[in-house]
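Numbering (our numbering), first residue to last: 1 to 262.
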Ligand code: NAD
């Protein structure tokens, strides 16, 4: 196959979401077949149709990443359906509540950690078993700038994304002997869209010293904290993932690349 990723198979989690779908489309355009994992539903079905329109094989797998046995079964099914898994974009995630740590809801903290940390671990573990057997694999985990500097009012999300960066570093060492590279990306403020609106509104609702209570002002405050003075477009992420999956990053493993406007 003459395309860059022709003959390759990529598993994308959170594949029905903004970043997952945009990245799946990009990798499909590069020729990769795409296995798309997300919670079962019409959103996933529609995302699979969108990616299949690029002319590659795309299949949807309804799965909750918090279910370790379910993840292992689905990943084994993907390997059986496609014959191999070359690339993993381990990207499903949940932003959680916004509240200062002393008020942060206990159940939501557990939920964020279970989805973002245990979920990413389940997928990483299940997929790496197939990659170890073939002695080939490229993995990109979605962290966040919230995992580089802890943002206010996001105790669970911040902790979960610090954990993803730690998991990336450990996995890169465990898997290096098997020709498997593991890296992370850390987007910061991406917009417009649901995640942007949600964090602007919820940071305003908290009423902390860090942000105004007026969502319009919060949006300006966030933008003004970015050296490039704008939020990032979702479309500025997939090329970085493609770089980390492809051979241009052949001597990089265990790194976290910020996509953050400075
Ligand atoms: P999104 O909400 O559009 O996509 C997330 C996807 O993950 C959704 O399709 C959702 O159904 C799926 N998901 C959630 N819980 C799941 C579970 N238990 N099992 C299976 N799938 C599940 O958000 P997005 O912006 O595309 O986020 C993708 C990743 O990027 C997340 O890890 C998020 O934390 C991270 N991130 C996003 C931003 C941003 O501003 N958009 C910034 C930094 C990091």
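Idealized CB from N, CA, C, for every residue including glycine.
Quantities reported herein were computed from a predicted structural model and do not represent experimental measurements.
Query raised in the report: What's the C-alpha gap between residue 251 and residue 184?
Result: Within the chain shown, the letter at position 251 stands for residue 251. Within the chain shown, the letter at position 184 stands for residue 184. The alpha-carbon atoms of residue 251 and residue 184 are separated by roughly 14 Å.
Query raised in the report: Which residue comes first and which comes last in the alpha helix (DSSP H) that contains residue 192?
Result: Here residue 192 refers to the residue found at position 192 of the chain shown. Note, residue 192: premise wrong, no alpha helix (DSSP H); not H, not E.
Report task. State the Cα-Cα distance for the pair residue 234 and residue 40, rounded to the nearest angstrom. Result -> The count along the chain shown starts at 1 and reaches residue 234 at position 234. The count along the chain shown starts at 1 and reaches residue 40 at position 40. About 23 Å.
**Report entry** Alpha-carbon to alpha-carbon, residue 134 and residue 23
**Finding:** Numbered from its first residue, the chain shown carries residue 23 at position 23. Numbered from its first residue, the chain shown carries residue 134 at position 134. Taking the straight line from one Cα to the other gives about 24 Å.
Query raised in the report: Is there contact between the segment 111 to 119 and the segment 83 to 97, where contact requires at least three CB pairs shorter than 8 Å?
Result: yes
Query raised in the report: Which residues bound the alpha helix (DSSP H) around residue 54?
Result: In the chain shown, residue 54 corresponds to position 54, counting from 1. Residue 54 -> no alpha helix (DSSP H), and no H or E assigned at all.
Query raised in the report: Any heavy atom of ligand 1 closer than 8 Å to the CB of residue 91?
Result: Within the chain shown, numbered from 1, the residue matching residue 91 stands at position 91. Within the cutoff, so yes.
Query raised in the report: Does DSSP classify residue 180 as helix, strand or coil?
Result: Here residue 180 refers to the residue found at position 180 when the chain shown is read from its first residue. Strand.
Query raised in the report: Just to check, is the beta-carbon of residue 37 closer than 8 Å to a non-hydrogen atom of ligand 1?
Result: By one-based count along the chain shown, residue 37 stands at place 37. Residue 37 Cβ: within cutoff of ligand 1.
Query raised in the report: Would the beta-carbon of residue 191 be found less than 8 Å away from any heavy atom of ligand 1?
Result: Reading the chain shown from its first residue, position 191 is the one you call residue 191. Correct: residue 191 has its Cβ closer than 8 Å to ligand 1.
Requested in this report: Scan the segment 206 to 249 and note each continuous alpha helix (DSSP H) run of 4 residues or more that stays entirely inside, going in chain order.
Outcome: 215 to 224, 238 to 245
**Report entry** Classification of residue 228 by the beta-carbon crowding that lies within 10 angstroms, buried from 16 upward
**Finding:** Counted from its first residue, the chain shown places residue 228 at position 228. Exposed, since its Cβ has fewer than 16 Cβ neighbours within 10 Å.
Query raised in the report: Along the chain, which unbroken stretches of the beta strand (DSSP E) at least 3 residues long are found entirely within the segment 37 to 115?
Result: 58 to 62, 87 to 90
Report task. Look up residue 12 in the DSSP assignment and say whether it is helix, strand or coil. Result -> Residue 12 sits at position 12 when you count from the first residue of the chain shown. Three-state result, residue 12: strand.
Query raised in the report: Which of helix, strand or coil does DSSP assign to residue 143?
Result: By one-based count along the chain shown, residue 143 stands at place 143. Coil, per DSSP.
**Report entry** Rounded separation between residue 249 and residue 88 - CA only
**Finding:** Translated into positions along the chain shown, residue 249 becomes position 249. Translated into positions along the chain shown, residue 88 becomes position 88. Whole-angstrom Cα-Cα distance: 15 Å.
Query raised in the report: Would the segment 94 to 105 and the segment 36 to 55 be scored as touching if the rule is three or more Cβ pairs under 8 Å?
Result: no
Query - Residues bridged to residue 186 [DSSP beta-bridge criterion] - result: By one-based count along the chain shown, residue 186 stands at place 186. 258.
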